[in-house]
Structures are given as structure tokens and as C-alpha cells.
Amino acid sequence: MITLTATDNCQDPITVEGVDTITPGDCPNSYVVTRTWTFVDACGNTSSVSQTINVSDTIAPELPPAPVDITVSCSGDVPPSIWLTATDNCGVEITVLGEDSSTSIAEGTCINSYIITRTWTFTDACGNTSSIAQIITVHDEIAPILEDEDFQSEMTVTCTNIPDMPELNFTDNCGGSVTVESSQEIANEVQDENNLIISYDIIRTWTATDTCGNSTVITQTIHVTVGDTFNAGTKELCSNDSANASYNLNQLLTDLVSEDELDGTWTIENAGFESALQGSILNVTALPVGYYTLVYNLDTNDSFCPRKYEFYLHVLDDCGVLAECSINVFNAVSPNHDGLNDIFYIDGITCYAENNVKIYNRWGILVYDENGYNNADISFNGVSEGRSTLNRGEELPDGTYFYILKYKSNETGNWLDKSGYLYLNR
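In terms of our numbering, the sequence shown opens at residue 598 and continues consecutively.
Here it is as C-alpha cells:
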């Protein structure tokens, strides 16, 4: 407070302090101060002066630094709001929590494409305000991810072993739904001189799309080879059985082709016996005792799996065996259930009921030992078995093996033998 001095006509100067009168305003920092100095002389004569001081806070709070703008992929990645503190020019700190408002930036049902404006508004006691904002952009640009770790993008198969088109599984980085569309097409056909397809590719495509339109495209190329001829095994029939006068060969195809593939054609490869076959009906009683080759052709031009199945027919007399037969060993074994070389096939072995087959691995260990080998229920298919073999009942590894075949001659009664290497490859 300051003092003022007045002069009096009859006495010394008069010095006094001002007296304040405060008139409140609308807020603590808005009011009027009326400051008055009153001078009184010895005779009670008075005079006064006054000063009016208007106190009015119109300055907004001083802002803290704003958080930096950020971009995230998913709603779940948005950080929580934080408290910030501003200072007021009148000496008061103001602390507030940011408030969010959002605006979509993508059409449709995408829940992970929008902008958040996070605002901190600071208001002092007199209503002066200031604010800062942080821009948080939520924008999912990450495509779905394939989950199937064992997926093969390329493979080579025969036309009889084409795998079904699988349903692939995808995940979205934001946990949203994924729509998967799939398709396949035939491409790169190769034909032989007879315009029959011998190989082609199957191109499979899966397109996975999340709710924000991000897509992943997965392709699989299957190189398909068309097998020429499948060795389908040997069948024995009796020529003196009247029931075999009209034997339906299609019953040999039960485990090889589907019902809608029974429209192929049968042929008999042995010249001079074509008349015994009418369509799929074979008159076995019209055939002399011996061996015959029957072929089932499934090779229509519009088929993507034209193929042949070759059967060996052994015609017996009185259901007995031939006096003598030639032994021919097929020493390649590929037991993968494709109908081709699935067993160790010994042509002519059924002529000799008394026989024995032994097979040894590369270390000389016996892995197969059977009597009465017949290319059917008693046959070697790559599994260790016999009377005293190693790891009985287990699949043997690929590799080279050694076989010893012994069989008893029907004419002389002498035991004959044949040996050599066989090759196992699945």
C-alpha cells in the first residue's frame, strides 16, 4: 500500500495510507479494487482521492507438451489415455485426463480403420481454456496369415493319388473374422500323339480376406502324371468250372476304380482268343490252360486320368497247376498302394505250390521268410515278417535287398532255386 500527502492551509502536510474496498466479480481472479485516501485536518475538514483497480484473468492455462501422434493396426493396440498438467498464470496447476473422439476412415464393416482425436482441455477458475490433441490413427493393413505349417505349395502325384482340396486356416492380426474363397483350374496339359493327356497341372488358389479388405493369396501347384499301365495282380480261374463261362471281369476292379469309371473297355492281349471276351464278360471255359493278359482301358479323351490296369489271368485245369511254368522275377517293389509294383511279384510261382522265399537286408539279416508264396495273401510288400525276422511287422527302409527263391519241380520233384537283388522304394 502506498501513502499520499496532502497540504493544509493551517497546518503541516497530512500523509495517509489508502484504504481498499473490494467488489467481487464472477471468479476468484475477477474483481474491482477501489482504493481511497481520505485526508482530515485538525478542524475536521476532509478531502479524498480514489483509485480503481480492475482485476480480470483473461489468460488461458499454459499447455504441457502434447503426446506425439501415432499409428497402430488394431483397436486393441490403442494406448490408454493419460493425465496431463497445465499451469495457470495465477499460480494454480490444472490436471485433466484426455478424452477421445473417433472418425471412421474406411467404409464397410472394418472395425480397425478410424482416427482417434484425443484432446486435453484445461480450464482455469475464470473459464479461460486451452487445449492440446494427439492424433491416433487405427488402420489395419496387415493381411491374414496362413496357419497350416504343413501346407505344400508344390507337389507331384499320379492322377490316381490327387489329394482333396483342403480347407486352409488363416488368422487375422486383429482377431477379426477371415473370409476364405478357393478355386482350382487345370493348366499346362501335355498330350501324346493320340491326343491323350499324359500330364497336366492343377492350380489351386485360396484368397483370405479380413474385414478391412486386406487379402492373402496362397497357391498350390500339383503336377499330375498319368500312369500308362498299372499292374493290378494275378487272378486264377478254373477252366472246368461252368460258373466261369460268363465271368464278369468288372469285379476285379472293385478296389481300383470308382463306380462311375466302369465304362472303360476290356481287351485280351493273347492273339486268337479275342472271341472269348464280350464286353466285360469272359468265357473262361473257352480258354486253354495257361496265362493270359487282360487289360482294362480307362482312356476317354475328356478324362484327366486315362489309365490302364493290367491283370494276369492264370487258367487252371481241374483247379490244378500247370505241369511246369517259367519263373520270372520282378525285382522292383514300391508299396505305395498305387496298384503298381506294390508287392514283390514272381510270375509263374503259383505253378509250384511247394516253394520258399527268403529276403535279406544289406547286412545279411533275414527280414522275410515264407513258404507257399503266391503273389496274393502270401507276398512281400516291404514289411518285415517270417518265422524269425528282425522287427517283425514293421515297414522296412528303402534300399537294396537280396532274395533267395526255392521251388519244387512238378516233373522231377527236384528243388530249384533262383536268387538276386530286389529294390525297395516307396
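Where is the CB? At the ideal position from N, CA and C, for every residue including glycine. In this text the structure is predicted, and so the values were computed from the model without any measurement.
In the assembly as shown, I619 is an exposed residue. Its beta-carbon has fewer than 16 other beta-carbons within 10 Å.
Residues of the same chain with a CB within less than 6 Å of the CB of W680, apart from the 5 flanking positions on each side, are T692, L694 in chain order. When C-beta atoms of the stretch 723 to 740 are compared with those of the stretch 789 to 802, fewer than three pairs fall below 8 Å, so the two segments do not count as touching. Rounded to whole angstroms, the separation of the alpha carbons of P741 and Y711 is 19 Å. Residue burial annotation: L913 is buried, with at least 16 other C-beta atoms found within 10 angstroms of its C-beta. For A784, the uninterrupted beta strand (DSSP E) run begins and ends at 775 to 788, by DSSP.
C835 is bridged by DSSP to L913. Excluding residues up to 5 positions away in sequence, D697, S699, I733 lie with their Cβ nearer than 6 Å to the Cβ of I713 in the same chain. CA-CA distance, L993 to G979, rounds to 6 Å. If you ignore the 5 residues before and after Y1018, its C-beta comes within less than 8 Å of the C-beta of N928, T997, Y998, F999, Y1000, all in its own chain and listed in chain order.
In the DSSP assignment, D935 falls outside any beta strand (DSSP E), carrying neither H nor E.
In its chain, beyond the 5 residues on either side, V669, I713, I733, V735 have a beta carbon closer than 7 Å to the beta carbon of V675. A Cβ-Cβ separation of about 6 Å places L846 in contact with L879 under the 8 Å criterion. About 25 Å separates the beta carbons of T813 and T753, which is beyond the 8 Å limit, so they are not a contact pair.
A Cβ-Cβ separation of about 6 Å places T633 in contact with G615 under the 8 Å criterion. No Cβ-Cβ contact shorter than 9 Å links D609 with F636. Residue environment: W960 is assigned as exposed (fewer than 16 neighbouring CB atoms within 10 Å of its CB, all protein chains considered).
Segment contact: the stretch 863 to 872 against the stretch 887 to 894, three or more CB-CB distances shorter than 8 Å; contact assigned. The DSSP assignment places complete beta strand (DSSP E) segments of no fewer than 3 residues inside the stretch 649 to 735 at 667 to 669, 680 to 684, 690 to 694, 696 to 701, 710 to 720, in order along the chain. In the three-state reduction of the DSSP assignment, C756 falls in the helix class, which pools H, G and I. The alpha-carbon separation between S931 and I962 amounts to approximately 21 Å. The beta-carbon separation of V689 and A722, rounded to 7 Å, stays under the 8 Å limit for a contact. In the structure shown, T808 falls within a coil segment according to DSSP collapsed to helix, strand and coil.
Between the alpha carbons of T755 and C902 lies a distance of about 9 Å. Per DSSP, the beta bridge partners of W803 are S779, I815. If you ignore the 5 residues before and after I975, its C-beta comes within less than 6 Å of the C-beta of E967, G969, all in its own chain and listed in chain order. CA-CA distance, Y1020 to S981, rounds to 15 Å.
Here S672 has I708, N709, V735, C771 as same chain residues with Cβ atoms under 8 Å from its own Cβ, once five neighbours each way along the sequence are excluded. Annotation for D944: the continuous beta strand (DSSP E) segment containing it runs 942 to 944.
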